[in-house]
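Residue numbering for the sequence shown follows my numbering, beginning at 849 and increasing consecutively.
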Amino acid sequence: MAPDLTSEATLEPDEKGRLFIGLLNLRTVAERLGEQHWLLTAQPESHDQLFWESLAQSRNRELRPLADLPALFEPFAVSRLKPLGKILRENAHAIVRESLRMPEPEYRKFVRAAAQEMWAFSEFEREWRPERVRIEDSRSRRLAELGPGAVWPAVRPLLEEIVLPEGLFRAFDMMDDILQLQYERDLMMENVPETRERIFENSGAGVQTSYATAMVALQALDMRPGETLIDLGSGYGRVGILGGLLREDLQFVGYEFVRHRVECSQNSGERAGLGHVRFHCQDLGDPDFEIPAAAVYYLYDPFNEETYRRVLRRIHAVASRKPVRVVTNADAGAWFQKFMTPERWFPPEIHDGGTLRIFRSRA
């Protein structure tokens, strides 16, 4: 049985939320270290010190901070990183099970704290520069103040000094279990109705916007209080729910064709107390539906060409009257550029390794 890392009786719901995200991050670190051990040395397991020395001497700046970790991982040794990952995963699952039994007020504190902790890690990654391996002491102290007493200070400073963008891309997927986003319902989809949208049946988490990407978008947008973000093809509502947990001063609206996805999003948002987040079942390819005006539109490649043409025509009409930002993920950016009027939009801002683009209107 895995050691219980979550059993401190003094942990409040918000502390539990921060600990949950810490476990997910630490698990990602353990997995990445295991990968690097395999890549950097073919020596027997007894030569762990050679592995750490290889990291320290590596010219890859991303890996250098990992050389500070032996003190934390020494009880497991490099050969024990896989069992350590299992321990961390099982403890994270234990918190998930506990969260499902929490009374609503406690759950809301828990899930907001988890979202804020994800945001703190994302903020650190955004501000990090390769030439600055260690963060400034002042920022370290400021972030450490968020931690819950005895649990966090020993772990967090180490995690803050590790930049693992590839690993963090899916590090937070277990938040779906906390939010009860039930992708398995897609597996039961039969006789998908004809529509001008791309349904992605049997899709699961793989074609949902990752939490890491959603946070990159929210950081780059820097939305003003009172603004509205409309997610066109919102799936299970990750963008709106995460945004709602982080920004109570904004409005988030999602339109999705598949009804059970909308119901799941609505239930999740309601339990989390997100009255400023709404989801609607809507075929965006319906020529009689008028997309509302908003400050920001988000698209994760949800349509076929005909619907792209109509939806983007509507967005262009809104942009002719007020400033608009359009966030595109995956191939949606190429579609937007195909149908946009170049003189009415600034060149796109590129984020998240090129997959995320933000277009700002000149109005």
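For each residue, glycine too, the CB sits at the ideal point set by N, CA and C. Keep in mind that this is a model prediction, so the values were computed, not measured.
Separation of residue 858 from residue 1205, as counted between CA atoms: 44 angstroms
Do the CB positions of residue 1144 and residue 1071 come within less than 8 angstroms of each other? yes
Give the DSSP-derived three-state secondary structure of residue 1080 in the structure shown. strand
If you draw a straight line from the alpha carbon of residue 1112 to that of residue 1106, how long is it in whole angstroms? 10 angstroms
Below 6 angstroms CB to CB, which residues in the same chain sit around residue 865 once its five sequence neighbours on both sides are set aside? 958, 961 and 962
For residue 941, the three-state DSSP class (helix, strand or coil): helix
How many whole angstroms separate the CB atoms of residue 1178 and residue 1149, which I take to be in contact at a CB cut-off of 8 angstroms? 4 angstroms
Test item: CB-CB of residue 968 and residue 1020 under 8 angstroms: no
Residue 1124 bridges to which residues according to DSSP? The partner list for residue 1124 (beta bridge, DSSP) is empty, contrary to what the question assumes.
Is it true that the stretch 1164-1173 meets the stretch 1116-1134, where meeting means three or more beta-carbon pairs spaced less than 8 angstroms apart? no
Can you grab the Cα-Cα spacing for the pair residue 1189 / residue 1119, in whole Å? 42 angstroms
From this set, 1163, 1185, 948 and 1073, which residue's C-alpha is nearest residue 1140's C-alpha? 1163
From which residue to which residue does the beta strand (DSSP E) around residue 1152 run? From DSSP, residue 1152 is part of no beta strand (DSSP E); its letter is neither H nor E.
Tell me, to the nearest whole angstrom, how far the beta carbon of residue 1062 is from that of residue 1086; I am working on the premise that it is less than 8 angstroms. 6 angstroms
In the DSSP assignment, the alpha helix (DSSP H) including residue 1176 goes from what residue to what residue? Unbroken run through residue 1176 is the beta strand (DSSP E), 1173-1177; no alpha helix (DSSP H).
Return helix, strand or coil for residue 812, following the three-state DSSP convention. For residue 812 there is no data in the structure shown, the boundaries of the chain being 849 and 1211.
Under 8 angstroms between C-beta atoms of residue 1077 and residue 1098: yes
Collapsed DSSP secondary structure at residue 1209 in the structure displayed: strand
Measuring alpha carbon to alpha carbon, tell me which residue in 860, 1056 and 1066 is nearest residue 1082. 1056
In the DSSP assignment, what residue or residues form a beta bridge with residue 1103? 1080 and 1128
Using DSSP bridges, identify the partner residues of residue 959. The partner list for residue 959 (beta bridge, DSSP) is empty, contrary to what the question assumes.
Would you list the one or two residues that DSSP bridges to residue 971? According to DSSP, which records beta bridges pairwise, residue 971 is partnered with nothing at all.
Where does residue 939 land, buried or exposed, given buried means 16+ other C-beta within 10 angstroms? buried
Please classify residue 1136 as buried or exposed, where buried requires at least 16 neighbouring CB atoms within 10 angstroms. exposed
CA nearest to the CA of residue 1067, picked from 1161, 970 and 1208: 970
From 1124, 941, 1116 and 1185, pick the residue whose C-alpha is nearest to that of residue 871; which is it? 941
Alpha carbon to alpha carbon, how far is residue 1116 from residue 950? 14 angstroms
Element boundaries [beta strand (DSSP E), containing residue 1198]: 1197-1199
Please work out which residues of its chain come closer than 6 angstroms, Cβ to Cβ, to residue 869, disregarding the five sequence neighbours upstream and downstream, and give them in chain order. 962, 965 and 966
Taking the continuous alpha helix (DSSP H) assigned at residue 1086, which residues delimit it? 1086-1094
In this structure, how does DSSP classify residue 1204 when only helix, strand and coil are distinguished? strand
Label residue 1127 either buried or exposed according to how many other C-beta atoms from any shown protein chain fall within 10 Å of its C-beta, with 16 as the threshold for buried. buried
Let's see if you can read the secondary structure: which residues bound the alpha helix (DSSP H) around residue 1187? 1180-1187
Indicate whether residue 1125 and residue 1181 have their beta-carbon atoms separated by less than 8 angstroms. no
Close beta carbons around residue 937, own chain, < 7 angstroms, minus the five adjacent residues each side: 875
Between the C-alpha atoms of residue 952 and residue 1161, what's the straight-line distance to the nearest angstrom? 42 angstroms
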